[in-house]
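*Asks:*
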Amino acid sequence: MSIKDILTIIGILENAGFFIAGQKGSHIKLKRILTDGTSQTLTIPNHDELDKGTLKAIYNQTLRYISEDILRQHFYTE
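For what it's worth, my numbering labels the leading residue of the sequence shown as 173, then goes sequentially.
(1) Please report the distance separating the alpha-carbon of Leu-206 from that of Leu-214.
(2) Could you tell me the alpha carbon to alpha carbon distance between Ala-188 and Asp-223, rounded to whole angstroms?
(3) Consult DSSP for Gly-225 and reduce its assignment to one of helix, strand or coil.
(4) Can you tell me whether Tyr-231 is buried or exposed? The criterion is at least 16 other CB atoms within 10 Å of its CB, across all chains shown.
(5) Among Tyr-248, Ile-216, Asp-241 and Asp-220, whose alpha-carbon lies nearest the alpha-carbon of Gln-233?
(6) For Leu-243, name the three-state secondary structure that DSSP assigns.
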């Protein structure tokens, strides 16, 4: 994984239509509302630097809403 900071991840998710819906403690809730009215929510830790395992967990959680083809180009370097 090439990403190391939370601001980069938030930027990637904002480009995919998510917005920051709130923060509780050390976690940020991101949400996006689809055209049919359904909402998709992601919760990610707000830490300055992220461990490999945490990045992988965020990646796997995000795969529920964004295709692997799109995510892979942001999370991995070839």
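All residues carry an ideal CB built from backbone N, CA and C; glycine is no exception.
Note that the structure is predicted; figures quoted are calculated from it, not measured.
*Replies:* So, from the listed chains and residues:
(1) 14 Å
(2) 23 Å
(3) helix
(4) buried
(5) Ile-216
(6) helix
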